[in-house]
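Student: First the structure, which I've put down as structure tokens, then a few questions once you've had a look.
Here's what the structure looks like:
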């Protein structure tokens with residue numbers, strides 16, 4: 684596979700990625716200057732890297748060693764939120780790559796579904812559990828967790844302040860707005 688940046692239907696740049704074995708989640712971007720690029724997540728020394736996008740080849744700004752297998756990171760308010768192996772949640776400063784906080788949220792598998800942001804909250808599915816974490820670099824704050832019967836590989840979807848999750852029985856919707 685290849686990571687590409689397109690302009691007018693033609694690649695502006697492309698960067699090769701491993702072609703064998705499982706690969707990590709997709710990239711995340713904000714504005715036109717940053718991209719969080721996945722590397723092969725199962726290999727020793729797996730990293731997430733941030734690049735400055737340009738019309739030439741992208742310039743790597745920093746890398747952080749993280750094994751997150753299949754989850755894509757989310758970028759919010761100048762920080763990158765990643766769900767890593769062994770149930771680790773991380774907040775990383777987008778500009779400099781410093782890990783601001785890291786917390787183990789579960790002893791189970793959490794890196795199989797991608798987190799999303801809703802109303803300033805990080806929404807994470809880990810096994811059947813739904814976690815809500817305050818999306819702030821100040822400190823890790825768990826706002827709540829519940830066994831909602833979510834499927835292990837499902838990523839939450841958010842619309843109009845509501846989160847939608849796939850369960851074994853169908854799709855459920857929870858209202859995250861303040862009552």
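Residue numbers (my numbering): 684 to 862. Glycine included, each C-beta is placed from N, C-alpha and C at the ideal position. Predicted model, so just to flag it, every value in this text is computed and none were measured.
Roughly how far, in whole angstroms, is the beta-carbon of residue 773 from the beta-carbon of residue 761, given that I think they are within contact range, below 8 Å?
Tutor: Here the question's residue 773 lines up with position 90 in the chain shown. Here the question's residue 761 lines up with position 78 in the chain shown. The pair is not a contact, with the Cβ atoms about 15 Å apart (cut-off 8 Å).
Student: Expressed to the nearest angstrom, what Euclidean distance is found between the alpha-carbon atoms of residue 856 and residue 846?
Tutor: In the chain shown, the residue the question calls residue 856 occupies position 173. In the chain shown, the residue the question calls residue 846 occupies position 163. The straight-line gap from Cα to Cα measures roughly 6 Å.
Student: Would DSSP call residue 853 helix, strand or coil?
Tutor: In the chain shown, the residue the question calls residue 853 occupies position 170. Here residue 853 sits in strand by DSSP.
Student: Identify the continuous beta strand (DSSP E) that holds residue 748 and give its terminal residues.
Tutor: The count along the chain shown starts at 1 and reaches residue 748 at position 65. Segment 742 to 748, the beta strand (DSSP E) holding residue 748.
Student: Under 8 Å between the Cβ atoms of residue 812 and residue 829?
Tutor: Reading the chain shown from its first residue, position 129 is the one you call residue 812. Reading the chain shown from its first residue, position 146 is the one you call residue 829. Yes, they are a contact pair.
Student: Output needed for residue 836: all residues of its chain with C-beta closer than 7 Å, excluding positions within five of it in sequence on either side, in chain order.
Tutor: Along the chain shown, read from residue 1 onward, the residue named residue 836 stands at position 153. Counting only Cβ-Cβ distances below 7 Å, and skipping sequence neighbours, we find 795, 796.
Student: Going along the chain, which residues of its own chain have a beta-carbon closer than 6 Å to the beta-carbon of residue 787, five neighbours each way excluded?
Tutor: Counting from 1 along the chain shown, the entry for residue 787 is found at position 104. If we look at residue 787 and ignore the five residues flanking it on each side, its Cβ neighbours are 770, 771.
Student: What separation, rounded to the nearest whole angstrom, lies between the Cα atoms of residue 775 and residue 852?
Tutor: Numbered from its first residue, the chain shown carries residue 775 at position 92. Numbered from its first residue, the chain shown carries residue 852 at position 169. Taking the straight line from one Cα to the other gives about 36 Å.
Student: What are the uninterrupted segments assigned as beta strand (DSSP E) that are 3 or more residues long and contained completely in the region 772 to 849, given in chain order?
Tutor: Qualifying beta strand (DSSP E) stretches, in chain order: 782 to 787, 799 to 801, 804 to 809, 812 to 817, 825 to 830, 840 to 842.
Student: Can you give me the start and stop residues for the beta strand (DSSP E) that residue 770 sits inside?
Tutor: Working through the chain shown from its first residue, we reach residue 770 at position 87. Premise fails: residue 770 is in no beta strand (DSSP E) and is neither H nor E.
Student: What's the C-alpha gap between residue 858 and residue 780?
Tutor: To locate residue 858, count along the chain shown from 1; it is residue 175. To locate residue 780, count along the chain shown from 1; it is residue 97. Their backbone Cα atoms lie some 33 Å apart in a straight line.
Student: Would you mind working out which of 784, 804, 844, 860 sits nearest residue 817, comparing C-alpha positions?
Tutor: As a working note, residue 817 is residue 134 in the chain shown. Among 784, 804, 844, 860, the Cα nearest to that of residue 817 belongs to 804.
Student: What would DSSP say about residue 732, mapped onto helix, strand or coil?
Tutor: Taking the first residue of the chain shown as 1, we reach residue 732 at position 49. Residue 732 falls in the strand class under three-state DSSP.
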